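Student:
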Amino acid sequence: MRIGILGSGLMGGKLGTLFARAGHDVVFSYARSEQKLKKLARDAKGKARAGTPRQAAQEADAILLAVHWSRVDDVLQQAGDVSGKVMVSCSLPMNADDSDLVIAHTSSGAEALAKKLPKARVVSAFGTVPSEVLFDVFEARRRATKPSLVYCGDDASSKQVAAQLIRDVGFDPVDAGPLRIARYTEPFTLLIAQLAYEGDQGPELAYRFEWR
Ligand SMILES: NC(=O)c1ccc[n+]([C@@H]2O[C@H](COP(=O)([O-])OP(=O)(O)OC[C@H]3O[C@@H](n4cnc5c(N)ncnc54)[C@H](OP(=O)(O)O)[C@@H]3O)[C@@H](O)[C@H]2O)c1
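Spelled out as structure tokens, the structure:
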């Protein structure tokens, strides 16, 4: 699959690297230095290259949106027309100092994004785990017991794409339903962040749901 990364920071840089290692064709875009994008592409050791947001988006079968909420409009404007594209978003609607959600209860960042991009096929995924755990989960991907990762969206075929990417990174995808369920998954992430960054066991934290 051709995957365009919009936002090559902690999440986009790591997920793009893992997608490339899983055999996908990845374009890293949107960082403050082109050198960083080129280094990410080199270090990914797969089919990866640096590009502009437009190149990343236009040539992609799936796009990963991984920017701070305050940068969403800017990166989307640079990406151009994303009609019909699978848009997997891990971006949370956080305020400037990342202390609180600016959209919650009656809507979600994912729904706000879908409103901005009515012709894209938005799936909310990967935003419920800290970036620090991603490589560890990938290393352990062949183990029988995998951590869960919830995702939600309104378009069945784009959810299948997201579920495949989730599996490729080493998680067990858990379909949480329509996009409006992001109203619950986004605040859930603040719980995960609390445990990861304020707890005393470190940020390499994943979660697992068990049906007994
Ligand atoms: N970090 C996590 O563990 C985590 C977990 C769950 C969800 N999320 C969500 O995922 C999204 C991405 O988070 P992140 O931690 O990956 O953020 P990040 O590390 O700050 O990455 C954001 C990317 O955007 C780029 N960028 C920012 N301003 C820019 C500008 N003016 N021009 C060009 N590029 C610019 C950054 O460039 P540089 O590379 O040059 O800094 C970076 O590559 C956020 O919405 C966050 O809430 C994060």
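Taken in order, the sequence shown gives residues 0 to 211; the numbers are from numbering that gives the first Met the number 0.
No residue lacks a Cβ here, since even glycine has one placed at the ideal position from N, Cα and C.
Model, not experiment: these values are computed from the prediction.
1. Could you pull the DSSP bridge partners for L100 from this structure?
2. Helix, strand or coil: which one does DSSP assign to P146?
3. On the DSSP bridge assignment, give the partners of V85 in chain order.
4. Which residues does DSSP pair with V173 in a beta bridge?
5. Tell me the rounded alpha-carbon separation between A30 and G176.
6. May I ask you to report which of helix, strand or coil DSSP gives K158?
7. By Cβ distance below 7 angstroms, which residues in the same chain neighbour R140 in space, the five residues on each side in sequence not counted?
8. Give me whichever residues DSSP pairs with A49 in a beta bridge.
9. Given this structure, state the Cα-to-Cα distance separating D60 from I102, to the nearest angstrom.
10. For M93, is the beta carbon positioned less than 7 angstroms from some heavy atom of ligand 2?
11. Put G8 into one of helix, strand or coil per three-state DSSP.
12. Is R70 helix, strand or coil by DSSP?
13. Express the C-alpha separation of S88 and A109 in angstroms, rounding to a whole number.
14. Just mark Y196 as buried or exposed, buried being the case when its beta carbon has 16 or more other beta carbons within 10 Å.
Tutor: Taking the geometry as given:
1. By 1-based counting over the sequence shown, the position of residue 100 is 101. Answer by DSSP bridge pairing, in chain order: M93.
2. Within the sequence shown, the letter at position 147 stands for residue 146. In this structure, DSSP gives P146 a state outside helix and strand, which the three-state scheme calls coil.
3. Within the sequence shown, residue 85 is the residue found at index 86, counting from 1. According to the DSSP secondary-structure assignment, V85 is paired through a beta bridge with A61 and R120.
4. Looking up residue 173 in the sequence shown gives position 174. Its beta-bridge partners are V149.
5. For this step, residue 30 is matched to residue 31 along the sequence shown. For this step, residue 176 is matched to residue 177 along the sequence shown. When the Cα atoms are used, A30 and G176 turn out to be separated by approximately 32 angstroms.
6. Here residue 158 is taken as the residue at index 159 of the sequence shown, counted from 1. Three-state DSSP puts K158 in a helix.
7. Residue 140 sits at position 141 when you count from the first residue of the sequence shown. Apart from the 5 residues on each side of it in sequence, R140 sits with its Cβ closer than 7 angstroms to the Cβ of G169 in its chain, given in chain order.
8. Walking along the sequence shown from the start, residue 49 turns up at place 50. The partner list for A49 (beta bridge, DSSP) reads F27.
9. Taking the sequence shown and counting its residues from 1, one reaches residue 60 at position 61. Taking the sequence shown and counting its residues from 1, one reaches residue 102 at position 103. Near 28 angstroms, if we compare the C-alpha coordinates of I102 and D60.
10. Ligand 2 is not among the ligands present in this structure, which contains only ligand 1.
11. Position 9 of the sequence shown holds residue 8. DSSP places G8 in coil when its eight states are reduced to three.
12. The sequence position of residue 70 within the sequence shown is 71, counting from 1. Of the three classes helix, strand and coil, the one that applies to R70 here is helix, per DSSP.
13. Counting from 1 along the sequence shown, the entry for residue 109 is found at position 110. Counting from 1 along the sequence shown, the entry for residue 88 is found at position 89. About 7 angstroms.
14. Reading the sequence shown from its first residue, position 197 is the one you call residue 196. Exposed is the call here.
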